[in-house]
Structure formats: C-alpha cells, structure tokens
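Numbering (this note's numbering), first residue to last: 26 to 186.
C-beta atoms are modelled at their ideal positions from N, C-alpha and C, and glycine is treated no differently.
Remember, predicted model here, so these are calculated numbers, not experimental data.
Now the structure itself:
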C-alpha cells in the first residue's frame, strides 16, 4: 500500500511540473522577463448636459374697441321742421275723412333739406401678450482626464543550452 501512495505522489509531481523550455532550468521555474508598470494617459471623458434655451413670442389674444370712426355715408332728404306757422294752436279734434282741410287747420309746408347719415364703425386694437417658451437640448460636454493603465514591458531573453 505504501508503494501505491509513493507511486501516485511521484506521478502527480511529474504531471504538475512545467515542461522543459522557456523559464525551466532543471527543476526550478523563472518568471518571464516582463515588467508591469502603471502609466498615466489623457483620455476624453464626455457626458450629455441639458442646456435650457428660451424664446419670447408676442401672441395676439384678443381685440378691444378703442373708439368709433365715421364709416359709409349717404345723403337723404328730410323735411325741415318749420316753426311759427299761422293757424290755431293746440287740439283741433279729429280730422274728418275728407281730403279737404277743416277751416282753421293749417298744414305746415315741408321744406326739404339734405342730411348726411353715416354709420359708426368701431376702431379695434389688438391685445397682445408676450409668451415665453423654453426647451432643453442635450449638449455634449467633453474634458480631458487622466487615466492610469497598466503597461507591460517584456525583455527578450536568449536561452543558452
């Protein structure tokens, strides 16, 4: 039994040892001739930052009447009131169906005059209001930053046999 344990131990150590070649010198192992150093380099770090932009716009929201002006006009003929005609003043009673005027009733003559009649047109003014609208736009902002990275330098080795 002891022989089996010794045989298995020898077999395990033979399989776990590196093969003869680079870094192997008769039973001990040399690390490869490489040096790991840390090097600082500059890189660009970018990020999106919201940028607010605003604009003011004047918008018509209604109208108001500020006054009136003379619009379309036309001339018409009207009777000019006559004052001081002769005849009886006051109540004359009902007029009869005859076309003739009763005695004492004087019909005032109509003197025609021209009169101008115009429409009144409203003068309107706009009611405006300033409205501000804002939007956010993503803007890319970049800056140079230092970054530490590993640098591996290996020397070439010649193995003499």
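{"Asked": "Can you grab the Cα-Cα spacing for the pair residue 60 / residue 66, in whole Å?", "Found": "18 Å"}
{"Asked": "Does the beta-carbon distance from residue 161 to residue 79 come in below 8 Å?", "Found": "no"}
{"Asked": "Using a Cβ-Cβ cutoff of less than 8 Å, which residues in the same chain neighbour residue 149 once the five nearest sequence positions on both sides are dropped?", "Found": "88, 89, 90 and 91"}
{"Asked": "Taking the CB atoms as reference points, tell me whether residue 180 and residue 58 lie closer together than 8 Å.", "Found": "yes"}
{"Asked": "DSSP state of residue 149, grouped into three classes?", "Found": "strand"}
{"Asked": "Relative to the C-alpha of residue 155, which candidate in 84, 68, 63 and 71 has its C-alpha closest?", "Found": "84"}
{"Asked": "Bridge partners for residue 143 per DSSP, in chain order?", "Found": "98"}
{"Asked": "What do you reckon, are the CB atoms on residue 170 and residue 64 nearer than 8 Å?", "Found": "no"}
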